[in-house]
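There are 2 protein chains.
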Amino acid sequence: MAKQLSNPSAHDVARLAGVSQAAVSRAFTPGASVAKATREKVLQAARELGYRPNLLARSLIKGESGIIGLVMGYPRSIFLMSALYALSARLSQAQKHILIYTVEGGQAADPHIEGLLQYRVDALLLMGIGISSKLSAHCRAKGVPVILFNLRSGETQGFASVTVNNREGGRQIAEHLIAQGYRRLGFIGAPEIYRTSREREAGFKEYLAKRGSARFEREDGCYDREDAILAARRLLSRKPRLDAIFCWNDHMALACMEVARYEFGLEVGPELGVAGFGDIDQASWPSFQLTSYSQPVDALIQKVASLILQPPHMQKSAGQFMIDGELKRRASTHRIAT
Amino acid sequence: MAKQLSNPSAHDVARLAGVSQAAVSRAFTPGASVAKATREKVLQAARELGYRPNLLARSLIKGESGIIGLVMGYPRSIFLMSALYALSARLSQAQKHILIYTVEGGQAADPHIEGLLQYRVDALLLMGIGISSKLSAHCRAKGVPVILFNLRSGETQGFASVTVNNREGGRQIAEHLIAQGYRRLGFIGAPEIYRTSREREAGFKEYLAKRGSARFEREDGCYDREDAILAARRLLSRKPRLDAIFCWNDHMALACMEVARYEFGLEVGPELGVAGFGDIDQASWPSFQLTSYSQPVDALIQKVASLILQPPHMQKSAGQFMIDGELKRRASTHRIAT
DNA sequence: GTGAAAGCGCTAACAT
DNA sequence: ATGTTAGCGCTTTCAC
Numbered sequence: 272m273a274k275q276l277s278n279p280s281a282h283d284v285a286r287l288a289g290v291s292q293a294a295v296s297r298a299f300t301p302g303a304s305v306a307k308a309t310r311e312k313v314l315q316a317a318r319e320l321g322y323r324p325n326l327l328a329r330s331l332i333k334g335e336s337g338i339i340g341l342v343m344g345y346p347r348s349i350f351l352m353s354a355l356y357a358l359s360a361r362l363s364q365a366q367k368h369i370l371i372y373t374v375e376g377g378q379a380a381d382p383h384i385e386g387l388l389q390y391r392v393d394a395l396l397l398m399g400i401g402i403s404s405k406l407s408a409h410c411r412a413k414g415v416p417v418i419l420f421n422l423r424s425g426e427t428q429g430f431a432s433v434t435v436n437n438r439e440g441g442r443q444i445a446e447h448l449i450a451q452g453y454r455r456l457g458f459i460g461a462p463e464i465y466r467t468s469r470e471r472e473a474g475f476k477e478y479l480a481k482r483g484s485a486r487f488e489r490e491d492g493c494y495d496r497e498d499a500i501l502a503a504r505r506l507l508s509r510k511p512r513l514d515a516i517f518c519w520n521d522h523m524a525l526a527c528m529e530v531a532r533y534e535f536g537l538e539v540g541p542e543l544g545v546a547g548f549g550d551i552d553q554a555s556w557p558s559f560q561l562t563s564y565s566q567p568v569d570a571l572i573q574k575v576a577s578l579i580l581q582p583p584h585m586q587k588s589a590g591q592f593m594i595d596g597e598l599k600r601r602a603s604t605h606r607i608a609t
Numbered sequence: 272m273a274k275q276l277s278n279p280s281a282h283d284v285a286r287l288a289g290v291s292q293a294a295v296s297r298a299f300t301p302g303a304s305v306a307k308a309t310r311e312k313v314l315q316a317a318r319e320l321g322y323r324p325n326l327l328a329r330s331l332i333k334g335e336s337g338i339i340g341l342v343m344g345y346p347r348s349i350f351l352m353s354a355l356y357a358l359s360a361r362l363s364q365a366q367k368h369i370l371i372y373t374v375e376g377g378q379a380a381d382p383h384i385e386g387l388l389q390y391r392v393d394a395l396l397l398m399g400i401g402i403s404s405k406l407s408a409h410c411r412a413k414g415v416p417v418i419l420f421n422l423r424s425g426e427t428q429g430f431a432s433v434t435v436n437n438r439e440g441g442r443q444i445a446e447h448l449i450a451q452g453y454r455r456l457g458f459i460g461a462p463e464i465y466r467t468s469r470e471r472e473a474g475f476k477e478y479l480a481k482r483g484s485a486r487f488e489r490e491d492g493c494y495d496r497e498d499a500i501l502a503a504r505r506l507l508s509r510k511p512r513l514d515a516i517f518c519w520n521d522h523m524a525l526a527c528m529e530v531a532r533y534e535f536g537l538e539v540g541p542e543l544g545v546a547g548f549g550d551i552d553q554a555s556w557p558s559f560q561l562t563s564y565s566q567p568v569d570a571l572i573q574k575v576a577s578l579i580l581q582p583p584h585m586q587k588s589a590g591q592f593m594i595d596g597e598l599k600r601r602a603s604t605h606r607i608a609t
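Taken in sequence, the protein lines are chains A and B.
Reminder that position 239 of the first sequence reads as 510 in this note's numbering, one-by-one numbering, no gaps.
Reminder that position 116 of the second sequence reads as 387 in this note's numbering, one-by-one numbering, no gaps.
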């Protein structure tokens, strides 16, 4: 009854229940060998004191913390947000916990990873952000599994990665635009260092090349909406005017669409095709009807979770997992008004 | 040079450096009394072994984990996302870490809070989600500070809360709509249990009552876009037709706007005023130009962080902090086309 | 099935 | 300034 301010320990519970401290530990360990009666006594005492096992102590002994370290780049993206949501749901089922940091697009994750390693995280998950080769060496040496989400592993790193099939998506967008009759194509991408953008572009280019001409205009839009607006302006000012623009993500595409409509007075679809990548919620809103290649969040996170939760000795595989999305054809690329 | 798979301990470093284990601890404690030379020796040895202090062990002793527990409701909201980003930036400066759970709107946070308490979090931050009275009693008894963000404390709980001034926002929206000449008003809110919606509505009603008539039509839109669409349809089908709708958040307002435009063929602004709350990014996009009362994320998070970081003995105050936003007047409530 | 005892990796007195 | 010692709260042998 008399609750105390500081947290009671297993010892306190043991005393109240008239058992040993070890018995308390066992009562809270699923599948331990305790008599039912003892167990009840312990739980009763624990309830009275408001006792909860201290997971920090448990982690210290077990050598695994139950904590997954997450560093998220570009935290304004709705896609990453729903990925976080799906991941949290999945991991909390498995009694794992997420220690999170967010980082503005393009910044390094390193300082945060340092902190995470000190908490002895069971795994490190990087969403849309990279890791320095120094830290990645450390993780490899210490056996900390690193999983890259939405960003493929760099040259030598050899970590597991889970991404949508960016190349295929880019390819399908190109195919679709050409099929619709668009010919003077443009691309808004990110600077070289972003592999995601590069892969989408590569697929796009690949299809065009196969069809005969890989020519398309190109501008960098980086991460911000403001950047995308500037890139769209530059692209739309070129002569002869482009008739379709593929943007490396939906955020860029929506911005591009608005520039086309409200600054250049173009009718999106018939006069200018616009396609994005990711199929975020807004893409399907009536105001936009943006053609996009979807990123299946649930499937991606499912894969991530299975990599995280697999037993440690299985983690040899540093595979690159690519999951196919689906081309969502919408009005923004209907060249002939319906 | 020879890195080992398992993490080296302070002991290992001590042996290599030829000092005591305590010296290693001191070398890694800012402001401890160590000779510069010893310190160097230790750091050198640590580097060789790839040693990092184990924060779990430190937390165990210190009785504080350096971890802030966060439970986030309605994780699709861009507002909460940017709040998370701001918080992460602020807290990692102070060497605090965020253990996060996300919960679908309307669900209970309790099971996750259980987990967080076992990690002995230094504080519990609830974003847009409540806590059961049983757990809140526990937190109070154990001296775990609880901070409510964007959701005011229930009757008896007595926790600190940080919110935008919802009532004032609702009031200003009403004033603005009336000033623009709108007269047949509607409101899309959330069910009773959501205090946020209730407060905004209260302010809205308050102004109308003061002006003579507090009559307005009302529908519940809850959290999902789908719900908002249904509510908007119902509201717009009533006769005589409403001429302005205030939605309890911007997500609802954008959905409402699209229903008005694309299903009812109304010109938003002249024919139907639409106002939201929160001033999310999209509100200012050319496609929407949504009038909204802003929620100053940075100021709000600043306050939250200061509550979290204040020394424990100062935490008597369970104040209710309300921060004013600002009415952003945009085209969605220009009754006379400009 | 249960208790006693050792110890996870570290910090914090206390000596020296 | 540095080493020694005693725990933090728990899990895990090992006897019984």
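From the three backbone atoms N, C-alpha and C, an ideal C-beta is built for every residue, glycine too.
Q) In or out: A/R423 buried (at least 16 other Cβ within 10 Å) or exposed? A) With 16 or more Cβ atoms within 10 Å of its Cβ, A/R423 is classed as buried.
Q: Work out the CA separation of A/S558 and B/R504 for me, nearest whole Å.
A: Linking B/R504 to A/S558 through their CA atoms gives a straight-line distance of about 17 Å.
Q. Using 8 Å as the threshold, is the segment 447-463 of chain B in touch with the segment 510-519 of chain B, meaning 3 or more CB pairs across them?
A. Output reads yes: the segment 510-519 of chain B touches the segment 447-463 of chain B.
Q | Helix, strand or coil at A/L397 according to DSSP, with G and I counted as helix | A | Secondary structure at A/L397: strand, using DSSP grouped into helix, strand and coil.
Q. Given a limit of 9 Å on CB to CB distance, which residues of the segment 371-402 of chain B reach chain A?
A. Those would be I371, Y372, T373, V374, E375, P382, H383, E385, G386, L387, L388, Q389, Y390 and R391, in chain order.
(Q) Residues in the same chain with beta-carbon distance under 7 Å from B/Y453, minus the five sequence neighbours each way, listed in chain order, please. (A) D514, A515, G544 and R606.
Q: Check whether the segment 531-538 of chain A touches the segment 568-578 of chain A, taking contact to mean three or more Cβ pairs, one atom from each stretch, closer than 8 Å.
A: No: the two stretches stay apart, fewer than three of their Cβ pairs being nearer than 8 Å.
Q: Alpha carbon to alpha carbon, how far is B/A485 from A/I371? Give it in angstroms, no decimals.
A: Cα-Cα distance, rounded: 46 Å.
Q: Go ahead and pull the three-state DSSP assignment for A/F299.
A: A/F299: coil per DSSP, three-state reduction.
Q: Along the alpha helix (DSSP H) that carries B/V313, what are the first and last residues, could you check?
A: B/V313 -> alpha helix (DSSP H) spans K307 to L320.
Q.
For B/L358, which residues in the same chain have their Cβ closer than 6 Å to its Cβ, ignoring the five residues on either side in sequence?
A. Here the set comprises I572.
Q. Helix, strand or coil for A/G540 per DSSP?
A. DSSP places A/G540 outside both helix and strand once states are collapsed to three, so it counts as coil.
Q | Straight-line Cα distance separating A/P346 from A/T427 | A | Here the model assigns A/T427 a pLDDT of 49, short of 50, so the residue's position is not dependable and the matter cannot be decided.
Q | Contact set for A/E311: own chain, Cβ-Cβ below 8 Å, skip 5 residues either direction | A | Apart from the 5 residues on each side of it in sequence, A/E311 has no Cβ closer than 8 Å to any other Cβ in its chain.
(Q) Please list, in chain order, the residues of the segment 326-348 of chain A that have any C-beta partner in chain B closer than 9 Å. (A) Flagged, chain order: L326, L327, A328, R329, S330, L331, G334, S336, G337, I338, L341, M343, P346, R347 and S348.
(Q) Three or more C-beta pairs under 8 Å: does that hold for the segment 336-351 of chain A against the segment 298-312 of chain A? (A) Taking 8 Å as the limit for Cβ pairs, the verdict is that the segment 298-312 of chain A does not touch the segment 336-351 of chain A.
Q: Helix, strand or coil for B/A546, going by three-state DSSP, please let me know.
A: Of the three classes helix, strand and coil, the one that applies to B/A546 here is strand, per DSSP.
**Q.** In chain order, each alpha helix (DSSP H) run of at least 4 residues that lies wholly inside the segment 473-551 of chain B
**A.** Those alpha helix (DSSP H) runs which fall completely within the segment 473-551 of chain B and span 4+ residues are 496-508 and 521-529.
Q. Does the distance from the CB of A/L561 to the CB of A/R601 come in under 8 Å?
A. Yes, Cβ-Cβ distance for A/L561 and A/R601 is below 8 Å.
Q) Which residue's Cα is closest to the Cα of A/P382: B/A365, B/A380, B/D393 and B/Y564? A) Of the candidates B/A365, B/A380, B/D393 and B/Y564, the residue whose Cα lies closest to the Cα of A/P382 is B/A365.
Q: Taking all protein chains shown into account, decide if B/I332 is buried (16 or more other Cβ within 10 angstroms of its Cβ) or exposed.
A: Exposed is the call here.
Q.
Any beta carbon of chain A sitting closer than 8 Å to that of B/R318?
A. Interface residue (Cβ-Cβ distance to chain A less than 8 Å): B/R318 is not classified as such.
Q) Any Cβ of chain B within less than 8 Å of the Cβ of A/T427? A) Its pLDDT being 49, under 50, A/T427 is placed unreliably by the model, and the measurement read from it follows with that caveat. Against chain B, the CB of A/T427 has no partner CB under 8 Å away; the residue lies outside that interface.
Q. Does the beta carbon of A/K413 come closer than 8 Å to any beta carbon on chain B?
A. Cβ-Cβ to chain B under 8 Å: yes for A/K413.
Q | B/K413 versus B/A431: straight-line alpha-carbon distance, rounded | A | Distance between the alpha carbons of B/K413 and B/A431 is about 16 Å.
**Q.** A/I402 and A/V417 closer than 8 Å at C-beta
**A.** A contact, by the Cβ cut-off of 8 Å.
Q. Under three-state DSSP, which class holds A/Q692?
A. Because chain A in this structure spans residues 272 to 609, residue 692 of chain A falls outside the shown range and cannot be described.
Q.
Closest to A/L327 by C-alpha separation, out of A/D498, A/S603, A/F487 and A/Q389, would be which residue?
A. The shortest C-alpha separation from A/L327 is found at A/Q389.
Q | A/F350 - DSSP class collapsed to helix/strand/coil | A | Looking at A/F350 - three-state DSSP - the assignment turns out to be helix.
Q. Looking at the structure shown, is A/K367 part of a helix, part of a strand, or coil, going by DSSP?
A. Coil at A/K367, not helix or strand.
(Q) I'd like the list of long-range same chain contacts for A/G590, defined as Cβ closer than 7 Å, with 5 residues on each side in sequence excluded. (A) Same-chain partners within the cutoff: A431.
Q.
Let's test the definition: count the other Cβ atoms within 10 Å of the Cβ of A/A611 and tell me whether it reaches 16, buried, or not, exposed.
A. Shown here, chain A extends from 272 to 609; a query on residue 611 of chain A therefore has no answer.
**Q.** Secondary structure of A/A288, DSSP reduced to three states
**A.** The answer is helix: DSSP assigns A/A288 an H, G or I state.
Q: Using a Cβ-Cβ cut-off of less than 9 Å, list which residues of the segment 513-535 of chain B approach chain A; keep chain order.
A: When CB distances to chain A are screened at a threshold of 9 Å, the residues of the segment 513-535 of chain B falling below it are L525, A526, M528, E529, V530, R532, Y533 and E534, in chain order.
Q. Can you check whether the CB of B/R471 is closer than 8 Å to the CB of B/P511?
A. The answer is no: Cβ separation not under 8 Å.
Q.
Taking the alpha-carbon of B/F535 as reference, which of B/S508, B/L351, B/W556 and B/F350 has the nearest alpha-carbon?
A. Checked all of B/S508, B/L351, B/W556 and B/F350; the closest Cα to B/F535 is B/S508.
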